[in-house]
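Working notes, beginning with the structure itself.
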Ligand SMILES: [Zn+2]
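In our numbering, the protein residues as written are 58 to 277.
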């Protein structure tokens with residue numbers, strides 16, 4: 058049952074990219090379960106076979122599963138040819154099968170969290186034709202490179218955001234050891250955890266261009 062949002066509380070949405078990982082994903086799932094938080098896991102297709110059970114568990118526990126490219130090797134700003142773009146999107150969607158959310162969530166590989174050129178014209182067209190929902194982000198605290206400092210970076214990044222959509226990664230245990238305390242801090246600060254995405258972070262919604270299909274995000 059979905060609770061009505063309390064207007065006194067600020068909303069926040071968590072997401073976990075670049076997994077699944079056979080140890081880190083279950084570790085993150087345990088923490089989220091303890092706090093009763095539902096999130097989205099954006100999956101790198103070529104990692105799925107190595108840890109499919111973790112993604113199946115996430116799905117069974119009510120988390121949403123999205124597509125985060127097949128190889129996570131080159132942002133579309135660096136490689137925009139049709140074969141690469143289509144294969145990065147379609148191979149992962151096929152591998153996810155019934156794990157995938159019906160709205161077909163796709164998050165491009167930004168490269169160090171960059172939004173500019175994370176999509177290109179070819180990808181945007183393919184995602185629209187395929188009825189995908191393209192989910193971007195507005196806070197990237199860099200947990201993959203700063204295993205201990207990311208919670209402070211995150212708190213400062215979200216300070217002035219109306220509805221943060223935070224990108225974390227279920228790939229490194231040292232970084233995720235701080236997740237439990239970080240979630241506790243957000244609770245203490247009266248954040249309400251939402252599974253839905255802020256509209257300002259959607260570039261495409263079920264195949265239709267959405268708020269941020271804008272200059273800078275789509276390179277030609
Ligand atoms: Zn990524």
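For each residue, glycine too, the CB sits at the ideal point set by N, CA and C.
Ligand 1 heavy atom lying under 7 angstroms from the CB of residue i
i, result
"residue 78", "no"
"residue 166", "yes"
"residue 195", "no"
"residue 125", "yes"
"residue 75", "yes"
"residue 129", "yes"
Beta-carbon spacing of residue i, residue j below 8 angstroms
i, j, result
"residue 165", "residue 195", "no"
"residue 154", "residue 108", "no"
"residue 181", "residue 193", "no"
"residue 151", "residue 122", "no"
"residue 227", "residue 82", "yes"
"residue 68", "residue 102", "no"
"residue 161", "residue 189", "yes"
"residue 117", "residue 79", "no"
"residue 170", "residue 197", "yes"
"residue 247", "residue 66", "yes"
Cutoff 6 angstroms; reference residue i; Cβ partners in own chain excluding five residues on either side
i, result
"residue 277", "With a pLDDT of 49 at residue 277, under the threshold of 50, the modelled position of this residue cannot be trusted; read the value that follows with caution. Closer than 6 angstroms at Cβ, skipping near neighbours: 178."
"residue 270", "260"
"residue 257", "268"
"residue 119", "95"
"residue 252", "95"
"residue 105", "152"
"residue 235", "208"
Chain D contact for residue i (CB, 8 angstroms cutoff)
i, result
"residue 219", "Here chain D cannot be found, since the structure has a single protein chain."
Same chain, Cβ closer than 7 angstroms to residue i, neighbours up to 5 away in sequence not counted
i, result
"residue 254", "70, 192, 222"
"residue 137", "177, 179"
"residue 3", "Outside the shown range of the chain, which is 58 to 277, sits residue 3, and nothing can be said about it."
"residue 89", "96"
Inter-residue CB distance, residue i and residue j (contact presumed, cutoff 8 angstroms)
i, j, result
"residue 99", "residue 72", "6 angstroms"
"residue 205", "residue 225", "So it is not a contact: roughly 14 angstroms between Cβ atoms."
"residue 125", "residue 74", "5 angstroms"
"residue 85", "residue 233", "6 angstroms"
Same chain, Cβ closer than 8 angstroms to residue i, neighbours up to 5 away in sequence not counted
i, result
"residue 185", "261, 264, 265, 266"
"residue 115", "77, 82, 86, 98, 122"
"residue 229", "81, 200, 201, 204"
"residue 243", "69, 250"
Taking contact to mean at least 3 C-beta pairs separated by less than 8 angstroms, is the segment 128–135 in contact with the segment 89–97?
no
If we count Cβ pairs, one from each stretch, closer than 8 angstroms, do we get three or more for the segment 239–253 versus the segment 203–217?
yes
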